[in-house]
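S.K.: Residue numbers (my numbering), protein chains in the order written: chain A, 5 to 289; chain B, 5 to 291; chain C, 84 to 428. Don't be surprised by glycine CBs; every beta carbon is placed ideally from N, CA and C. My questions all concern the structure below.
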Amino acid sequence: MSNNPYIPMPVQIAKIIDEVDTHDIKTFRFAFLNKEDEKNFKYMPGQFAELSIYGKGESPIGIASSPTQQGFVEFTVQRAGTVVPGLVTSALHDMSEGGEIGIRGPMGNSWPIEFLEKKNIVVVGGGFAFTTLRSLINYMLHKDNRSRFGEITVIYGARTPGLLLYKDELAAWETRDDIKSVITVDKGDDNWKGRQGFVPAVCKEVAPSPKNTVAVICGPPIMIKFTLPVFFDLGFSKENILTSLEMRMKCGIGKCGRCNVGSKYVCNDGPVFSLAELEELPRDF
Amino acid sequence: MTDFKKIEENLKTEAGRLLKEGLVTVVLSYGKGFDENHPMPYAAKTIADVENIVFNQYCNYNMARYLVRYPQGTKIAIAVKAADSRAVIQLIQEEKVKRENLVILGIPVQGMKNPKTGEVIDSKTTCGLYNPVLYDILLGEEVHGQKNALPYEVLAEYEAMDKDARWEFWEKELNKCIRCYACRKACPMCYCDPCFIDQSKPKWADKAPQSPGNMMYHLTRFHHLAGRCIDCGECSRACPVDIPLYLFHKKVAKECEEMFNQKAGMSIEDKPVLVDFRVEDSDKILE
Amino acid sequence: MLKKTAIENISQLAAVLMEKGTLLAPVKEVSCHNFAEISDPQKVDLKFYNTLMSPKSAFFPHREDFVKYKVGKPLSEAEHTILNLKPAFLFGVRPCDVKSFEIMDIHFNAAGIIDPYWRARREATTIFGYAYDINQPVDSADFYNTLGIYAADPEGSDIFMVKKDKELLLKSITPKGEKLLAELSALEKASSGDEKYYEDYIKKGKDYKTRFTCVDSEVIAKKIESIFDNTDFWTKMSAACLSCGICTFSCPNCYCFDICDDTLFGKGTRSRVWDACMFTDFTLEASGHNPRTQVYQRLRQKVSHKYSYHVRKYGVISCVGCGRCTRQCPVNIDIYSIIEAALKA
Numbered sequence: 005m006s007n008n009p010y011i012p013m014p015v016q017i018a019k020i021i022d023e024v025d026t027h028d029i030k031t032f033r034f035a036f037l038n039k040e041d042e043k044n045f046k047y048m049p050g051q052f053a054e055l056s057i058y059g060k061g062e063s064p065i066g067i068a069s070s071p072t073q074q075g076f077v078e079f080t081v082q083r084a085g086t087v088v089p090g091l092v093t094s095a096l097h098d099m100s101e102g103g104e105i106g107i108r109g110p111m112g113n114s115w116p117i118e119f120l121e122k123k124n125i126v127v128v129g130g131g132f133a134f135t136t137l138r139s140l141i142n143y144m145l146h147k148d149n150r151s152r153f154g155e156i157t158v159i160y161g162a163r164t165p166g167l168l169l170y171k172d173e174l175a176a177w178e179t180r181d182d183i184k185s186v187i188t189v190d191k192g193d194d195n196w197k198g199r200q201g202f203v204p205a206v207c208k209e210v211a212p213s214p215k216n217t218v219a220v221i222c223g224p225p226i227m228i229k230f231t232l233p234v235f236f237d238l239g240f241s242k243e244n245i246l247t248s249l250e251m252r253m254k255c256g257i258g259k260c261g262r263c264n265v266g267s268k269y270v271c272n273d274g275p276v277f278s279l280a281e282l283e284e285l286p287r288d289f
Numbered sequence: 005m006t007d008f009k010k011i012e013e014n015l016k017t018e019a020g021r022l023l024k025e026g027l028v029t030v031v032l033s034y035g036k037g038f039d040e041n042h043p044m045p046y047a048a049k050t051i052a053d054v055e056n057i058v059f060n061q062y063c064n065y066n067m068a069r070y071l072v073r074y075p076q077g078t079k080i081a082i083a084v085k086a087a088d089s090r091a092v093i094q095l096i097q098e099e100k101v102k103r104e105n106l107v108i109l110g111i112p113v114q115g116m117k118n119p120k121t122g123e124v125i126d127s128k129t130t131c132g133l134y135n136p137v138l139y140d141i142l143l144g145e146e147v148h149g150q151k152n153a154l155p156y157e158v159l160a161e162y163e164a165m166d167k168d169a170r171w172e173f174w175e176k177e178l179n180k181c182i183r184c185y186a187c188r189k190a191c192p193m194c195y196c197d198p199c200f201i202d203q204s205k206p207k208w209a210d211k212a213p214q215s216p217g218n219m220m221y222h223l224t225r226f227h228h229l230a231g232r233c234i235d236c237g238e239c240s241r242a243c244p245v246d247i248p249l250y251l252f253h254k255k256v257a258k259e260c261e262e263m264f265n266q267k268a269g270m271s272i273e274d275k276p277v278l279v280d281f282r283v284e285d286s287d288k289i290l291e
Numbered sequence: 084m085l086k087k088t089a090i091e092n093i094s095q096l097a098a099v100l101m102e103k104g105t106l107l108a109p110v111k112e113v114s115c116h117n118f119a120e121i122s123d124p125q126k127v128d129l130k131f132y133n134t135l136m137s138p139k140s141a142f143f144p145h146r147e148d149f150v151k152y153k154v155g156k157p158l159s160e161a162e163h164t165i166l167n168l169k170p171a172f173l174f175g176v177r178p179c180d181v182k183s184f185e186i187m188d189i190h191f192n193a194a195g196i197i198d199p200y201w202r203a204r205r206e207a208t209t210i211f212g213y214a215y216d217i218n219q220p221v222d223s224a225d226f227y228n229t230l231g232i233y234a235a236d237p238e239g240s241d242i243f244m245v246k247k248d249k250e251l252l253l254k255s256i257t258p259k260g261e262k263l264l265a266e267l268s269a270l271e272k273a274s275s276g277d278e279k280y281y282e283d284y285i286k287k288g289k290d291y292k293t294r295f296t297c298v299d300s301e302v303i304a305k306k307i308e309s310i311f312d313n314t315d316f317w318t319k320m321s322a323a324c325l326s327c328g329i330c331t332f333s334c335p336n337c338y339c340f341d342i343c344d345d346t347l348f349g350k351g352t353r354s355r356v357w358d359a360c361m362f363t364d365f366t367l368e369a370s371g372h373n374p375r376t377q378v379y380q381r382l383r384q385k386v387s388h389k390y391s392y393h394v395r396k397y398g399v400i401s402c403v404g405c406g407r408c409t410r411q412c413p414v415n416i417d418i419y420s421i422i423e424a425a426l427k428a
């Protein structure tokens, strides 16, 4: 039973970045302990993996690094669980650099890179749900890839400045001229010099023309709810609005039957769906 | 003997009247299943629904199970047999339903059968009473002059076992459990949300059907029903692998009765026995 | 090849099979029969209608261990479960249940990532199908005819068995079955009369009627899709449902599972354990969001999965009409009646 899809590969925590001022979101950089595993772990932006800690369980988390980054894989993890305690995410948050965990993956489909090629891309993210979007942005910005895509616009918002993820990268994007980056917070503080306002309103103001443009949107349900109409009004078609779904998952490989929405398994047929595809599905998520 | 047809007629008449007069919004009783021997619990909500009501010897469901599904304040009529009426009383004691929101349709009955086995269930797995303890409207003749079957008689063999034998007995029986949770779901008194067994922090037991998780689940459930189980036997009938759950419940009920001189669900004036402290309470429980 | 044995000598055949490997066969329990690994050949009991639990556990046990671990130790020290299976013989499987294996094969053994445990167990096993006794009445819960399955369908079995009075006729269906049957010297040769009896029995099996409704998989899949938002319908269908798990656990086609870490004193086992879409917490997310909080949503999921989603994903209905869910339901919810009602809804 080699390549057993249920058995995790060992990885070591190479680096931990405390992302937010509430200290409940951290980015974990993992290095594979077996070279063979690293070679086999070929992923694309938008995919996820099961982070696995024996004795605690497994948790499906979107991959936050880009495949253009070699030698490691990164996940941004929130210490989860107000209702269902996040045993895995809590345990992970309590670990230090050098610690060892397991990883199974990569899983799921990805942001449809071929479909995105030669198009303008507007990436819209809210709060913690920016992780696989960051992967996509870094992938597109890589020098080997940048020319394959048209204009790139990023609209990213969080509740407060302290809750913005990847602050160094956000700052770096500001200085580049091959990406237009608009960062907003619901409510600024004394040090905040940037924009204030909710994501949907900012989208209305700065979103590019729908012509040859695809919107890639991830965020809390409330943000999605108010952002979608903005893009409809701008004239984006349902085929050109993409998002990523979340469902409770276990196996991650389409076997355990938990994460279905209609005949689609989110883990396997998703998590990335276009709005046109989502409308085909029963409202069961 | 019980006139099932007559009771069915009365049930339909009363259900129709209550719905028509707007006194209740739902009548919990029994309806047609896929054949005559397999009736189902049924919630009639319109006058047209009343036609689907049936009553026969296989209608042994305890409809009190469904009371807690309705928001507090819903006006409900509920058909109850003897043990079922005790469940309603117990739920009133535990403030899960209010007496004034209920119209209780009492069904005196003997000779109910388990649809799976065809066995008469009277006192082996139930409390042995024939007449409902509490009702507003009686749908049949009260059973009189018929000696009530004794609810604890069936315990004789179990009580003859010593401690070790009992442990061995339950280990063997509970090992059969496949953790489908039909017992808890069929029980009118199992309304905890969430049930302890579904919690993940702390996690009380493994999910797999094995010891010690099976023990943990059943022993905890048994004890949580101490002084509350009204001996309707639904858990045992629901169990697909024939675990005699009723033995434990009856044993605890008997001890409770001996210690506190109170049976679960016999009067809405009572307080739940393990909630109520009385100076004269037996100290045996501490031994 | 057709061979035979007296049913009273079935323990001799059982003993031979036990020498060759693991024997799984029906045994009598308190008030039912179930498949069990046989350690005493006398225990094999063919006087059953159908088993309480489906034989899916032969390939998909209620609990399958993946790995044994020590908490806090490197992953490389964890012990992976290696299935070194002896040949196994699954003896006395009713035709509808045999069919269920084919349907489960698509999910576990053909589509997408292959499940190594299912495959290993399946490949190690020879299936002895066993026709229903067409001289006995059919159980009122059964409806396998609706799914195009008959009481004496040999399809899917390696060896198929029919009862001839006090004898058991065994016919090889696949090369695997042929090879095994040739080796079973405990069996007698069948006569030409037996051959005829067997052939007739298979034919007569078609006339042994269970409940039947004309169900075309495409039509029902579409119909179920179209009534997804008919909350009245689903609320009605699920009004009595207790939301326990017995229908899914006893179902030969339900495959949902959970992956659990069970740790005690620093040591533990990661295993997969059957789960049920009827349980409240099945889809409860860490955020607290649960898309299926209501009983009707869960029953809708179960029925839709079998009769619609599965058709859309794999092309076949994921139900064989064995009647177990109906028989076992504590409140007599009957999926056949739900399908009938759905077609009219």
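Between the alpha carbons of A:R152 and A:L137, how many angstroms are there, rounded?
M.R.: Taking the straight line from one Cα to the other gives about 17 Å.
S.K.: For A:S6, which residues of its own chain have a beta-carbon under 6 Å away from its beta-carbon, when the five flanking residues on both sides are left out?
M.R.: With a pLDDT of 47 at A:S6, under the threshold of 50, the predicted position of this residue should be treated as unreliable, and no value is reported.
S.K.: Hey, would you say A:A222 sits closer than 9 Å to A:A133, going by beta carbons?
M.R.: The amino acid at residue 222 of chain A is misidentified as Ala; the sequence shows Cys. Result yes, Cβ atoms of A:C222 and A:A133 sit closer than 9 Å.
S.K.: Is C:F410 buried or exposed, if buried means 16 or more other CB atoms sit within 10 Å of its CB?
M.R.: For clarity, residue 410 of chain C is Arg in the given sequence; the question names Phe instead. Buried, since its Cβ has 16 or more Cβ neighbours within 10 Å.
S.K.: Report yes or no: do three or more beta-carbon pairs, one from the region 41 to 60 of chain A and one from the region 186 to 200 of chain A, lie closer than 8 Å?
M.R.: Contact between the region 41 to 60 of chain A and the region 186 to 200 of chain A is absent, because fewer than three Cβ pairs lie under 8 Å.
S.K.: On the DSSP bridge list, what partners appear for C:V221?
M.R.: Note: C:V221 sits in no beta bridge, so no partner.
S.K.: Taking the beta carbon of B:M5 as the centre, do at least 16 other beta carbons fall within 10 Å, making it buried, or is it exposed?
M.R.: When all chains shown are included, B:M5 counts as exposed.
S.K.: Restricting to Cα atoms, I'd like to know which of C:L107, C:H145, C:L158, C:I232 is closest to C:C402.
M.R.: Answer by Cα proximity: C:I232.
S.K.: Go to A:K171, then tell me how far its alpha helix (DSSP H) extends in each direction, as first and last residue.
M.R.: Where A:K171 is concerned, the enclosing alpha helix (DSSP H) stretches over 171 to 179.
S.K.: So C:Q411 contacts chain B; which residues on that side make the cut at Cβ distance below 8 Å?
M.R.: Neighbours of C:Q411 on chain B, chain order: P244.
S.K.: Considering only residues of the region 268 to 324 of chain C, which uninterrupted alpha helix (DSSP H) runs meet the minimum length of 4 residues and lie entirely inside it, listed in chain order?
M.R.: Here the runs fully enclosed are 275 to 288, 300 to 309, 314 to 320.
S.K.: In its own chain, which residues sit with a C-beta less than 8 Å from the C-beta of C:A428, not counting the 5 before and 5 after it?
M.R.: The residues are K306, I310, N313, F316.
S.K.: Below 7 Å on C-beta distance, what does C:I422 contact in chain B?
M.R.: Going along chain B, no residue has its Cβ under 7 Å from C:I422, so there is no contact; the nearest lies around 11 Å.
S.K.: Can you find the residues in the same chain that come closer than 7 Å, C-beta to C-beta, to C:Q384, ignoring five residues on each side of it along the sequence?
M.R.: So the qualifying residues of the chain are C360, R375.
S.K.: Could you list the residues in the region 152 to 167 of chain C with a C-beta less than 9 Å from some C-beta on chain A, going in chain order?
M.R.: For the region 152 to 167 of chain C, which is checked against every Cβ of chain A, the residues closer than 9 Å are Y152, K153, V154, G155, K156, P157, L158, S159, A161, H163, T164, I165, L166.
S.K.: Which residues in the same chain have their Cβ closer than 7 Å to the Cβ of A:Y143, if we skip the five residues on either side of it in sequence?
M.R.: Same-chain partners within the cutoff: P49, S70, P71, T72, N149.
S.K.: Does the region 111 to 127 of chain B come close enough to the region 249 to 262 of chain A to have 3 or more Cβ pairs within less than 8 Å?
M.R.: Too few Cβ pairs lie closer than 8 Å, so no.
S.K.: Are the C-beta atoms of C:Y213 and some chain A residue less than 9 Å apart?
M.R.: Not an interface residue.
S.K.: What runs of the alpha helix (DSSP H), each 4 residues or longer, lie entirely inside the region 127 to 153 of chain A?
M.R.: The qualifying runs are 135 to 145.
S.K.: Look at the alpha carbon of B:C184 and the alpha carbon of B:S215, and state the distance between them as a whole number of angstroms.
M.R.: Approximately 15 Å between the Cα atoms of the pair.
S.K.: How many Å lie between A:E9 and A:R108 at the Cα?
M.R.: Reading off the sequence, residue 9 of chain A comes out as Pro, not Glu. Looking at the two C-alpha atoms, the distance is approximately 7 Å.
S.K.: Just the C-alpha distance for C:A425 and A:A162, rounded to the nearest angstrom, thanks.
M.R.: Taking the straight line from one Cα to the other gives about 46 Å.
S.K.: Taking the Cβ atom as the reference point for each residue, do A:K208 and A:D237 lie within a distance shorter than 9 Å?
M.R.: Yes, the pair counts as a contact, with Cβ atoms nearer than the cut-off.
S.K.: Hey, is B:C233's beta-carbon within less than 9 Å of any beta-carbon in chain C?
M.R.: No, B:C233 does not count as interfacial toward chain C.
S.K.: Can the beta-carbon of C:I93 be found closer than 9 Å to that of C:L106?
M.R.: No; because the gap between Cβ atoms is not below 9 Å, this pair is not in contact.
S.K.: In angstroms, rounded to a whole number, what distance separates the CA positions of B:G237 and C:A273?
M.R.: Going by the C-alpha atoms only, they are around 51 Å apart.
S.K.: Can at least three beta-carbon pairs, one atom from the region 412 to 419 of chain C and one from the region 37 to 50 of chain B, be found at a separation below 8 Å?
M.R.: Result yes; three or more Cβ-Cβ pairs closer than 8 Å.
S.K.: Would DSSP call B:E98 helix, strand or coil?
M.R.: Coil at B:E98, not helix or strand.
S.K.: Excluding five sequence neighbours on each side, which residues of the same chain lie with their C-beta closer than 7 Å to the C-beta of C:R407?
M.R.: Correct list, in chain order: S137, S333, C334.
S.K.: Can you tell me whether B:C243 is helix, strand or coil according to DSSP?
M.R.: Coil, per DSSP.
S.K.: Any contact of the region 93 to 108 of chain B with the region 244 to 260 of chain B, i.e. 3+ C-beta pairs under 8 Å?
M.R.: At 8 Å Cβ cutoff, the stretches do not touch.
S.K.: Would you decide whether A:F119 is buried or exposed? Buried here means 16 or more other CB atoms lie within 10 Å of its CB.
M.R.: By the neighbour-count rule (16 or more Cβ atoms within 10 Å), A:F119 is not buried but exposed.
S.K.: State yes or no: is the beta carbon of A:K59 nearer than 9 Å to at least one beta carbon in chain C?
M.R.: It is worth fixing the name first, because residue 59 of chain A is Gly in this sequence and not Lys. Answer yes: the Cβ-Cβ gap between A:G59 and chain C drops below 9 Å somewhere.
S.K.: Using CA atoms only, rank isn't needed, just tell me which of C:D225, C:C412, C:I303 is closest to C:G398.
M.R.: Of C:D225, C:C412, C:I303, the residue nearest in Cα terms is C:I303.
S.K.: Taking the alpha-carbon positions, what's the B:Q266 to B:V277 distance?
M.R.: Near 7 Å, if we compare the C-alpha coordinates of B:V277 and B:Q266.
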